Structure formats: structure tokens, C-alpha cells
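Participant: Under my numbering, the residue at position 135 of the sequence shown is numbered 925, and the numbers go up by one with no gaps.
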Amino acid sequence: MLLAIDVGNTQITLGAFLGKALKRTWRLPTNPRATSKELGTQLVQLLKKASPTAFGGPPSPGRGGGGGEVLGVIIASVVPPIDAALAEACTRYLHCAPFMIGPQTQLGIKNLYKNPREVGADRLVNAVAVDALFGGPAIVVDFGTATTFDCVSSLGDYLGGVIAPGLEIAHDALAARAAKLSRVPFEVPRRVLGKTTKESLQSGLFFGYIALVEGVLQRLMKEMRVRPKIIATGGLSRIIGPRLKPAARVMPTLTLEGLRIVWERSNT
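(1) Who are GLN801's beta bridge partners in DSSP?
(2) Label GLU859 either buried or exposed according to how many other C-beta atoms from any shown protein chain fall within 10 Å of its C-beta, with 16 as the threshold for buried.
(3) Buried or exposed: which applies to PRO822, given that a residue is buried once 16 or more other Cβ atoms fall within 10 Å of its Cβ?
(4) Count the other CB atoms within 10 Å of the CB of ASN916; is the residue buried (16 or more) or exposed (fewer)?
(5) Given this structure, state the Cα-to-Cα distance separating ILE929 from LEU829, to the nearest angstrom.
(6) Looking at C-alpha atoms only, which residue of PRO870, LEU808, SER1027, GLY898 is the closest neighbour of GLY910?
(7) Count the other CB atoms within 10 Å of the CB of PRO1036; is the residue buried (16 or more) or exposed (fewer)?
(8) So, using beta-carbon positions, are LEU957 and THR803 closer together than 9 Å?
(9) Would you please state the rounded distance, in angstroms, between the beta carbons of GLY862 and TYR903? I believe it to be under 8 Å.
(10) Would the region 1012-1030 and the region 870-889 be scored as touching if the rule is three or more Cβ pairs under 8 Å?
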């Protein structure tokens, strides 16, 4: 089994692959202060709870198991304070030293950022996945703590992109800074025109965010001078992606697939 780990600012997303098949995913809250023991215990518990049939054999972290044996771990992290503890957790508890994506990692794509070291590992891994699975030109919209737009050329080069505050950040900031506004459940409004404060907030968050994403996409396409494929990923991609114009292909597990592809390229 290959364990792919995407460490985001809010959540850690994990995926278990058998070959090219993603068999299981999990999410954990990101705690930058977590110890290797805490992280290792969480990893072992997750794998032990996994269905034996999902992996073709009994789930058994470390060497000596059946289809649930962890044969490789690959990590993309944008939270440096957790990296050392997570790497140690994989080594000590899964008996598998992880492959950490870093600035010097050969990903098989050309990074055209002015300072290539500035680009988050998750953004580059998304570009790798889109180039391999869909081909360029393409724009990846990743709905995470931040909403990122990453552009890939027809040659598979990473061109750069846009970083905007995520929807949850906007929601939190509004509730924190406006005395008469509080957090509301995130629901898809039936109409734009809100008749209550709750409806107005929900409309502003939802339709305002769609307008932000569509506006940025239109400007990016104008600068790229092409009609790229639009790929939506991240936590809110299933909700917002289908409602975008131009239409977006929704692939919530894009980053995990990119990690698998990087692993395969590095081990062949």
C-alpha cells in the first residue's frame, strides 16, 4: 500500500493506494504542535480500522502484513512546523521513511515561478496531476483554507497562479469583525436575494464566492490566451465546481492522485 498524505493548514488528507486505485481516504485536523507519538498513534489507528477487504488483506501497519502493508509514504506539506514530527511518526510507527516533497524534488514539470521555492508543494502536485490525467492547458481551482488558481500550459509547464482567501476565512473574518453578524450554516441558497440576515450572509458567501472564482478564471484565460480545462478540487469543490461557468471537472482527490504520480515517477 502507498500512503499519500496532503498536509493543509486546516486538515490533513490521507489516501491509501493499491497500485493506481485509491482505496480509502481519511481526514484529520491539522495540529502544528502534534508530537510524533500523537501523529503515529493516529496513523496506526486509522489503518487498523480500515476494512481488510479494502486493501486485499489484513490491515497491518509496517512490514510483514498482507495487502494492508505500508510499502511507501509520500507527503506534501504546507505546514513546516509539523513536518519533522510527521516524518518521524511514519518512520517509527509505520516503519516506512516518507518521501517529502520539497523545492528540489524532480516532479517532471517545469516550474516557471520567479522564485520556484515559493510555490506550495500542494500546488505543484496538483499541476502534476492535471498534466498527467487531463493534459494542458488547464487551470486548477483548489478550495482549501486559501482558494488557489494554478495554471498549466499545453506543454505541462507550471505557469503560476492566484491565491485568494478561502470561503471559511472570509466567513470567520466577517463574523469576527462585524458586531451584528454571526456565523451561519453553509447552505446553498435557493436565490440570491436574501430576506433575512442569515439568508443574506449565505447568499453573499455562496454567490459572492462563485463570482470571485468565475471572475478570476475569466481574467486568467484572457492572459493565457487559450480556452483551458478547468479542474476543481478541495473541500468545497463538489458544491461550487458544478455551478461554475465555464464548467469545471470536479476531482476532490486530485492532490492525492498527484502524490501517487510523483511517487511512481520517482520509483521507476
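We put the beta carbon where it would ideally sit given N, CA and C, even for glycine.
Quick caveat: nothing in here was measured; it's all calculated off a predicted structure.
Facilitator: Once the coordinates are examined:
(1) As a working mapping, residue 801 is identified with position 11 in the sequence shown. Assignment of beta-bridge partners to GLN801 by DSSP yields PRO819.
(2) In the sequence shown, residue 859 corresponds to position 69, counting from 1. It is buried - the Cβ of GLU859 has at least 16 other Cβ atoms within 10 Å.
(3) One-based indexing of the sequence shown puts residue 822 at position 32. Classification for PRO822: exposed.
(4) In the sequence shown, residue 916 corresponds to position 126, counting from 1. Classification of ASN916: buried, given that the 10 Å Cβ count is 16 or more.
(5) The residue you call residue 929 lines up with position 139 of the sequence shown. The residue you call residue 829 lines up with position 39 of the sequence shown. Going by the C-alpha atoms only, they are around 33 Å apart.
(6) Taking the sequence shown and counting its residues from 1, the one referred to as residue 910 is at position 120. Of PRO870, LEU808, SER1027, GLY898, the residue nearest in Cα terms is PRO870.
(7) In the sequence shown, residue 1036 corresponds to position 246, counting from 1. So PRO1036 ends up on the exposed side.
(8) Within the sequence shown, the letter at position 167 stands for residue 957. Within the sequence shown, the letter at position 13 stands for residue 803. It is not a contact, given that the beta carbons lie outside the stated cut-off.
(9) Within the sequence shown, residue 862 is the residue found at index 72, counting from 1. Within the sequence shown, residue 903 is the residue found at index 113, counting from 1. Actually they are not in contact, since the Cβ atoms of GLY862 and TYR903 sit about 28 Å apart, beyond 8 Å.
(10) no
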